[in-house]
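Trainee: When we follow this note's numbering, the leftmost residue of the sequence shown carries the number 55, and every step to the right adds one.
All residues carry an ideal CB built from backbone N, CA and C; glycine is no exception.
Sharing a structure with you now.
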Amino acid sequence: APRPATVTVTGGAGQIGYQLLFRIAAGDMLGSDQPVRLRILETEQALPALEGVVMELHDAAFPLLTSVETTADAAVAFEGADHALLVGARPRGKGMERGDLLAANGAIFAAQGRAIQERASAGIRITVTGNPANTNALIAAAAAPDIPRERFSALTRLDHNRALAQLAAKTGAAVGDIRRMIVWGNHSATQVPDLTHAVVNGRPAIELVEREWVTGTFVPTVANRGAAIIEARGASSAASAASATIDHVRSWMLGTPADDWTSMSVVSRGEYGVPEGLVSSFPVTCAGGAWSIVEGLAMDADVRAQLDASVAELAAERDAVRALGSMG
Ligand code: NAI
């Protein structure tokens, strides 16, 4: 068997953690022959509850799960980590201003970025799920300048999967029959779900759906799905967010199919006019544990305008955390 991979998950006592940890331990993320050592970072207050989750992880008797350790110390959590899944974040409390939220998360992700740089393995790959995910990834990357930029990512796979589900329901196809969906920009309501390159059973999606459905239903449904789930469930999406986090890392490590791509938020080098250094969602292919942005795609005028707005939001978030001193 291969050497166990060390996977560090933050916020493991939370809703997403309760789904994510079990999927990782089952081998869904890194493959069914890859043993895993789990490290879980939580706040001091949440450590007692986390002990219950650890008991359940043991009780599930996963053959691939080599060990489980918990800590409230980032230096311990990221020691030798091959994957850092940064899920824990400060939720917006009652009466909390947006600036307070950015400041609280800036402190968390800067500290974790520093600990990752000092402690993690040379092959570390970082996936940020905790919101605001793109900007939290930017903060962590700024705090860890010695780690290659391409090792930092943020989750827009849930948005990508939501877009697949909407197009499948509309066309009567199975999600597995759809290729080349894209989500561009920020993981927020300004995100840009884009089906103009998508193919359904070999046929261009734009030949199968009306333009009014795309702009009037598809884009707003995908972009506002998080709010719809909170409204229905009384709690934010957790199982689907965990599943998307699994999909994101699995694609990154095990690759995308030859005729397809996926969506990942990664550090821009200026592709598609997204300013260098912003963490934005792009279509990517993955092979050998590395992603590359799919370049040269023609961009629909609506998509271009929406992406410009989403990128402006990312730049404003960056400027706000810079002004707060969270970016070194
Ligand atoms: P939750 O509130 O149930 O759990 C968060 C956990 O993180 C808590 O147990 C908390 O103690 C812990 N935590 C807070 N600060 C921490 C720190 N400094 N170090 C370690 N742990 C810390 O939240 P839930 O539902 O699990 O969501 C987690 C995050 O994921 C939220 O920010 C949420 O907005 C985000 N999210 C992102 C999605 C995406 O697609 N990118 C989708 C859904 C949620």
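Do you know how far the Cα of Val122 is from the Cα of Glu110?
Mentor: In this structure, the CA atom of Glu110 is about 11 Å from the CA atom of Val122.
Trainee: Please report how far the alpha carbon of His241 lies from the alpha carbon of Leu209, in whole angstroms.
Mentor: 7 Å
Trainee: Between the Cα of Asp136 and those of Met307, Ser290, Ser346 and Cys340, spot the shortest distance and give me the residue it belongs to.
Mentor: Met307
Trainee: Hey, could you find the ends of the beta strand (DSSP E) Met318 is sitting in?
Mentor: Residues Thr316 to Val321.
Trainee: Within its chain, find whatever has a CB closer than 7 Å to the CB of Ser322; leave out the 5 residues flanking it on each side and keep chain order.
Mentor: Val328, Pro329, Glu330, Gly331, Leu332 and Ser334
Trainee: Kindly indicate which residue of Ala259, Lys224, Asn255 and Gly342 has the alpha-carbon position closest to the one of Asp231.
Mentor: Asn255
Trainee: What is the DSSP secondary structure of Arg179, counted as helix, strand or coil?
Mentor: strand
Trainee: Going by the C-beta, is Val141 closer than 6 Å to any heavy atom of ligand 1?
Mentor: yes
Trainee: Provide the residue(s) that pair with Glu123 in DSSP beta bridges, ordered along the chain.
Mentor: Answer by DSSP bridge pairing, in chain order: Arg93.
Trainee: Any idea if Ile300 is buried or exposed, counting beta-carbon neighbours within 10 angstroms, 16 or more meaning buried?
Mentor: Taking a 10 Å sphere around the C-beta of Ile300, we find 16 or more other C-beta atoms and assign the residue as buried.
Trainee: Which one of Gly177, Thr124, Leu101 and Gly239 has the shortest CA to CA distance from Thr189?
Mentor: A check of alpha carbon separations from Thr189 across Gly177, Thr124, Leu101 and Gly239 identifies Gly239 as the nearest.
Trainee: Determine whether the beta carbon atoms of Ala198 and Ile162 lie at a separation below 7 Å.
Mentor: In this structure, Ile162 does not lie closer than 7 Å to Ala198 by Cβ.
Trainee: Please state the DSSP three-state secondary structure of Val348.
Mentor: Note: Val348 maps to coil in three-state DSSP.
Trainee: Say the cut is 6 Å; is the CB of Pro145 nearer than that to a heavy atom of ligand 1?
Mentor: yes
Trainee: Taking 6 Å as the limit between beta carbons, can you name the residues of its chain near Gly343, skipping five residues before and five after?
Mentor: Met307
Trainee: Looking only at its own chain, which residues have a Cβ that is under 8 Å from the Cβ of Ile70, when we skip the five neighbours before and after it?
Mentor: Residues Val141, Thr183, Ala292, Ala295, Ala296 and Thr299 of the same chain have their beta carbon placed closer than 8 Å to that of Ile70, with the five preceding and five following residues left out of the count.
Trainee: Take the Cβ of Thr181 as the centre, count every other Cβ of all protein chains shown within 10 Å, and call the residue buried at 16 or more, exposed below.
Mentor: buried
Trainee: Kindly identify the DSSP beta-bridge partner or partners of Arg233.
Mentor: Val253
Trainee: Just how far apart, CA to CA, sit Leu218 and Thr62?
Mentor: 29 Å
Trainee: Report the three-state DSSP secondary structure of His214 (helix, strand or coil).
Mentor: helix
Trainee: To the nearest angstrom, report how far apart Arg146 and Met83 are at their CA atoms.
Mentor: 29 Å
Trainee: Hey, could you find the ends of the alpha helix (DSSP H) His241 is sitting in?
Mentor: From DSSP, His241 is part of no alpha helix (DSSP H); its letter is neither H nor E.
Trainee: Report yes or no: do three or more beta-carbon pairs, one from the segment 341-359 and one from the segment 151-161, lie closer than 8 Å?
Mentor: no
Trainee: In this structure, does DSSP put Phe132 in helix, strand or coil?
Mentor: Here Phe132 sits in coil by DSSP.
Trainee: By DSSP, does Pro258 sit in helix, in strand, or in coil?
Mentor: Under the three-state reduction of DSSP output, Pro258 falls in the strand class.
Trainee: If we count Cβ pairs, one from each stretch, closer than 8 Å, do we get three or more for the segment 268-278 versus the segment 364-379?
Mentor: no
Trainee: Could you spell out where the beta strand (DSSP E) holding Val63 opens and where it closes?
Mentor: Per DSSP, Val63 belongs to the beta strand (DSSP E) from Ala59 to Thr64.
Trainee: Kindly list the residues whose CB is nearer than 6 Å to the CB of Arg279, restricted to its own chain and excluding five residues on each side of it in sequence; keep chain order.
Mentor: Arg216
Trainee: Which stretch, first to last residue, makes up the beta strand (DSSP E) that contains Thr339?
Mentor: Its beta strand (DSSP E) spans residues Val333 to Ala341.
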